[in-house]
Amino acid sequence: MSETTPLQIGAEGVDVDAIVRELRERVAERRARGEYDEATVARAERFNLANLKDDAQFLERYLTCLRQAVQVDIDDFDIVERRARLAPLLKRLKRGIWCLLRFYTYRLWSQQNQINGMLLAATEIIATRDQERLDRIEARLSEIEARLDAAGKSS
Amino acid sequence: MNTAPHDTARRQLPRIAFVAPRLAVDGAVGGAETLLFNLAQLARDAGCDVTFLTTCARDHHTWENLLPPGETRHEGVRVIRFPVNTDRDIETFLRIQEAICTGTAVSDADEELWLANSVNSRALEEHLRTNTAAYDRIVTGPYLFGLTVAAAAVAPERTLLVPCLHDEPFARVRRIARLFREVRGCIFNTEPERELAVRLFGAELTAPGRSAEIVGFALEPFNCDPAGAARLGVTAPYILYCGRRELLKGTPLLVDYWAAFRRITGRDIKLVLTGSGTVDVPNGLNAHLIDLGFVSEQAKHDLMAGAVAFCHASVNESLGIVLLESWLAGRPVLVHDRGVVLREQTRRARGGLWFRDYPEFQECLNLLLDQPELAAALGAGGREFTLREYAPAAVQARLLEALR
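From first to last, the protein sequence lines are chains A and B. When we follow the numbering used here, the leftmost residue of the first sequence carries the number 10, and every step to the right adds one. When we follow the numbering used here, the leftmost residue of the second sequence carries the number 683, and every step to the right adds one.
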């Protein structure tokens, strides 16, 4: 990213406001290109959502996070063991337990994924309807204001 | 720290009682308590007659009376310890606290109950009552302890509150608003903290005749060695956080951002943590998150000097002492945009960058990694700011002004 950010050090020091402004513009461009639309980003924001709630684009970003995180990862994963002494034995034991549990967890998480998907769809429908309603109200308000202005001028 | 007062201040040097819930005996206390003792030392160095009143507690979870009561000296300051009340009704305290936190309406009686069952010391209050005439000023804080409210109530006309105010539900308790209005004045850490106080409790806080000074924390320059990190086993580039690891300090957010940064950019940057508390390490990153626990001040400063940046993701701070230390070590900081105090400190110091969300964090950190000369210039800006604004003589002059 730094390929276009010039080093700005004046007598007063670094112009940090200018750098932050430029970074934000770049983030906006990249966001528009869908560069941050991945589940890792969504997961990273889980503790930050409360800080974003006053942001004008909060709902939109929150829905993006939900979309990215809605599917629980039910794939197999690496089984690791930090206790070096008994690692091979403990790893085999853990793999055995996982083989026994896999059927139940797949079933459980598949159902969870369905529920998550339905909840997300419902939230998106509500958000879209609310936005449409707000747009209609704003359009109506502008129309009434224009009419009142016109009436005021003619009188 | 030894700074002589200027002549105008020397003429009216008061006798001061500093009141804090705990006193650092091994460095393991919160920032507010450290700040109060720092101010006490500055007042003592100025020639004031200083007594530090505190409790026998060391642990801020149990508040058990582990230290002996009575008079002692700590780093040249007269200290008197008093036992914490052992008859606290913790259940009542937590029940009301929960209601306050969730925004449920709480009656005046419940507010009083909440404070009465907070950390208090009847023995300390009694000392203040019987020795009121012996102190021209009582300096107490932080604001949300029963002990602070009780100490201020003994002689509000002589009391200066060091609130360490955050924008949090406790700041909206009516009894706390009364505390701010009843005392002689406040000693704030930063301009954003004072602005928050005015927004919450009214412009009368800064009315003529009331003390509302911004004083801050005195810091001496220190020697540090960026290579010191290697001696602690840290050889790769790293970002650093020092302090308590908890949700309110933004540590889980920082860990998540760092993990995402590693995964998305593929850059090998470690996260080094010092301080107390547990941290959940994301899967597969155990080898890259280096938790050093408590380290000496020298080791902390060395780590600061060797870091790519000091990262503080908290949005609830009234002063970032660790930011100032990091700047003295010559390194830049990365802070959360919503943490107004830290962001404004960083902006004024021209000592770092701030982010609102993960993408901005990623771009900021990439920039600091790609342009080491920029990182160095930001660190230098921060150092110059800290040396100017937080030099002991400058802080002492502001403190003496507040104590008048």
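Glycine included, every Cβ here is placed at the ideal spot set by N, Cα and C.
As an exercise, report each continuous beta strand (DSSP E) stretch of at least 3 residues that is fully enclosed by the region 924 to 991 of chain B, in chain order. The DSSP assignment places complete beta strand (DSSP E) segments of no fewer than 3 residues inside the region 924 to 991 of chain B at 952 to 956, 971 to 973, in order along the chain.
Helix, strand or coil for residue 904(B) per DSSP? In the structure shown, residue 904(B) sits in coil (DSSP, three-state: anything other than H, G, I, E or B).
Can the beta-carbon of residue 956(B) be found closer than 9 Å to that of residue 925(B)? Residue 956(B) is a Cβ neighbour of residue 925(B), given a cutoff of 9 Å.
8 Å contact criterion, which residue 997(B) and residue 1021(B) should meet: CB distance rounded: The Cβ separation is near 4 Å, so the contact holds.
Which partner residues does residue 1118(B) have in the DSSP bridge list? Only positions 683 to 1086 of chain B appear in the structure, and residue 1118(B) is not among them; the question remains open.
In angstroms, rounded to a whole number, what distance separates the CA positions of residue 910(B) and residue 1024(B)? Roughly 27 Å separates the two Cα atoms.
Starting from the C-beta of residue 806(B), find all residues in its chain whose C-beta is less than 6 Å away, skip the five residues before and the five after it, and write them out in chain order. Here the set comprises 735, 764.
DSSP has residue 1046(B) in a bridge; who is on the other side? BP columns for residue 1046(B) are empty, so no partner.
What is the DSSP secondary structure of residue 738(B), counted as helix, strand or coil? In this structure, residue 738(B) counts as coil in the three-state DSSP scheme.
Taking 9 Å as the threshold (C-beta atoms), are residue 988(B) and residue 1033(B) in contact? Cβ atoms of residue 1033(B) and residue 988(B): not closer than 9 Å.
Answer with yes or no whether the minimum CB distance from residue 91(A) to chain B is below 9 Å. For residue 91(A), the closest Cβ of chain B is nearer than 9 Å.
So within the region 1004 to 1050 of chain B, which uninterrupted alpha helix (DSSP H) runs reach at least 4 residues, ignoring any that extend past its ends? List check, alpha helix (DSSP H) in window: 1022 to 1031.
Opposite residue 821(B) in the DSSP bridges: which residues? Residue 821(B) is bridged by DSSP to 700(B), 842(B).
Cβ pair residue 882(B), residue 859(B) closer than 9 Å: One thing to note: residue 882(B) has its Cβ within 9 Å of the Cβ of residue 859(B).
Drop a sphere of 10 angstroms on the beta-carbon of residue 875(B), count the other beta-carbons inside from all chains shown, and report buried for 16 or more, exposed for fewer. A buried status is given to residue 875(B), since no fewer than 16 other beta-carbon atoms sit within 10 Å of its beta-carbon.
For residue 896(B) and residue 150(A), the rounded distance between their alpha carbons: The straight-line gap from Cα to Cα measures roughly 47 Å.
Given a cut-off of 9 Å on the beta-carbon distance, is the pair residue 36(A) and residue 1036(B) in contact? With respect to residue 1036(B), residue 36(A) sits apart: the two C-beta atoms are not nearer than 9 Å.
Is residue 698(B) closer than 9 Å to residue 819(B) when the C-beta atoms are compared? Closer than 9 Å, so yes.
Backbone secondary structure at residue 1057(B) - three-state DSSP: Note: residue 1057(B) maps to helix in three-state DSSP.
Simplified DSSP assignment, three categories, for residue 762(B): Looking at residue 762(B) - three-state DSSP - the assignment turns out to be strand.
What does a CB cutoff of less than 6 Å around residue 753(B) pick up in its chain, not counting 5 residues either side in sequence? 762, listed in sequence order.
Residue span of the beta strand (DSSP E) that contains residue 895(B), given as start and end: For residue 895(B), the uninterrupted beta strand (DSSP E) segment begins and ends at 893 to 896.
Between the region 959 to 983 of chain B and chain A, which residues of the former have a C-beta closer than 8 Å to a C-beta of the latter? Listed in sequence order: 965, 966, 968.
In angstroms, rounded to a whole number, what distance separates the CA positions of residue 1072(B) and residue 1050(B)? Spanning the two alpha carbons is a distance of roughly 25 Å.
Whose C-beta lies closer than 7 Å to the C-beta of residue 816(B) among residues of the same chain, with five residues either side of it excluded? For residue 816(B), where only same-chain residues beyond five positions count, the Cβ hits under 7 Å are 697.
Show which residues of chain A have a CB atom less than 7 Å away from the CB atom of residue 1046(B). In chain order, 32 make up the part of chain A whose C-beta sits under 7 Å from the C-beta of residue 1046(B).
DSSP bridge partner residues for residue 920(B) (one or two, in chain order): Residue 920(B) pairs with 952(B).
Residue 1042(B) touches chain A at which residues, Cβ-Cβ below 9 Å? In chain order: 29, 32, 33, 36.
State buried or exposed for residue 952(B), treating a residue as buried only when at least 16 other CB atoms are found within 10 Å of its CB. Around the CB of residue 952(B), 16 or more other CB atoms lie within 10 Å, so the residue is classed as buried.
Please classify residue 81(A) as buried or exposed, where buried requires at least 16 neighbouring CB atoms within 10 angstroms. Exposed.
Check for me: the alpha helix (DSSP H) holding residue 827(B) runs from which residue to which? First-last for residue 827(B): undefined, no H or E at that position.
Residues near residue 803(B) in its chain [Cβ-Cβ closer than 7 Å; skip 5 each side]: Same-chain partners within the cutoff: 737, 764, 765, 766, 767, 829.
At a cut of 8 Å, does the region 885 to 896 of chain B reach the region 971 to 978 of chain B through at least three beta carbon pairs? Segment contact: the region 885 to 896 of chain B against the region 971 to 978 of chain B, fewer than three CB-CB distances shorter than 8 Å; contact not assigned.
Could you pull the start and end residues of the alpha helix (DSSP H) that residue 126(A) belongs to? First-last of the alpha helix (DSSP H) with residue 126(A): 96 to 163.
Return the CA-CA distance between residue 823(B) and residue 723(B), expressed in angstroms with no decimal places. Distance between residue 823(B) and residue 723(B), taken at the CA atoms: about 16 Å.
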